[in-house]
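First residue of the sequence shown? That's 33 in the numbering used here, and the numbers climb one at a time after it.
Even for Gly, the Cβ is constructed at its ideal location relative to N, Cα and C.
On a predicted model such as this, the values are computed, not experimentally measured, just so you know.
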Amino acid sequence: MFVMTIDQRGSRRDVDRVADLLHDYADLPTTRPMQRTAGDEIQLVTDDVSLVVSLTLELIDRGHWSIGIGAGPVEHPLPAETRAGRGRAFEAARDAVERAKNAAGRVAFTATEPERSADADTALTLLSVIVAGRTPEGREAVACMRQGVTQTETATTLGISKQAVSQRLSVAHWHTEKAGRRLAERLLIKADT
33 MFVMTIDQRG SRRDVDRVAD LLHDYADLPT TRPMQRTAGD EIQLVTDDVS LVVSLTLELI
93 DRGHWSIGIG AGPVEHPLPA ETRAGRGRAF EAARDAVERA KNAAGRVAFT ATEPERSADA
153 DTALTLLSVI VAGRTPEGRE AVACMRQGVT QTETATTLGI SKQAVSQRLS VAHWHTEKAG
213 RRLAERLLIK ADT
């Protein structure tokens with residue numbers, strides 16, 4: 033099981049972004065819903081590793097969050113309230129979000145067996161650094177591609193040439209992200225078993 037603890041960076045000097053995030057992801061297919069736990073922090077529970085990686089990268093792209101991901105057992109039955117959950121995955125997520133606040137990619141992963149965490153943590157950090165370093169034009173092109181459209185359709189949507197789309201995706205390391213996502217997912221699954 034995966035628990036994500038998401039903390040707003042610089043919340044004392046910024047507007048509260050939690051309500052908007054909860055609204056934007058209200059329909060996320062999680063085991064337990066995304067929920068404010070305290071102040072500027074959100075937590076969710078899921079067994080979907082693809083959702084964990086996708087949401088992590090979307091949050092990094094938004095630029096205001098530190099993301100801690102914990103893997104391990106949780107106490108069953110899970111309570112209706114996400115914030116009332118207990119178990120080692122919740123503890124691991126707490127550890128991870130604290131480390132994420134000072135991490136290069138603003139993301140950290142902790143499994144209940146630390147030796148299984150390092151590779152997944154590194155893969156997520158590398159992906160996060162790639163995503164965080166994108167230009168606005170690169171983000172725009174990648175956002176279209178994430179919707180499953182072709183480069184030709186992306187060019188039409190953005191009003192640019194297909195060659196310009198290809199260049200934006202290259203500079204944004206889109207193909208590296210796609211391969212990195214698969215790697216991160218495999219490593220997260222391995223760390224959770």
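Sub-7 Å separation of Ala121 and Gly104 beta-carbons: yes
Check whether Ala152 and Ala211 have beta carbons under 7 Å apart: no
Simplified DSSP state of Gln39, which is helix, strand or coil: According to the sequence shown, residue 39 is Asp rather than Gln. Looking at Asp39 - three-state DSSP - the assignment turns out to be strand.
Burial state of Val77 (16 or more Cβ within 10 Å): buried
Closest Cα partner of Ile192 within the set Arg41, Leu156 and Glu172: Glu172
Per DSSP, the bridge partner or partners of Thr78: Phe34
Buried versus exposed, by CB contacts within 10 Å (16 or more), Ile92: buried
Cβ neighbours of Ala187 in the same chain (closer than 8 Å, five flanking residues each side left out): Ser193, Lys194, Ala196 and Val197
Buried versus exposed call for Gly137 [16 or more other C-beta atoms within 10 Å across all chains shown]: buried
Contact set for Ser82: own chain, Cβ-Cβ below 7 Å, skip 5 residues either direction: Glu217
Neighbourhood of Ala204 by C-beta distance below 6 Å, restricted to the same chain and skipping five residues each side: Arg166, Gly170 and Val174
Outcome for Ser202 when other beta-carbon atoms lying within 10 angstroms are tallied against a minimum of 16: exposed
Boundaries of the alpha helix (DSSP H) in which Thr157 is found, first to last residue: Ser149 to Ala164
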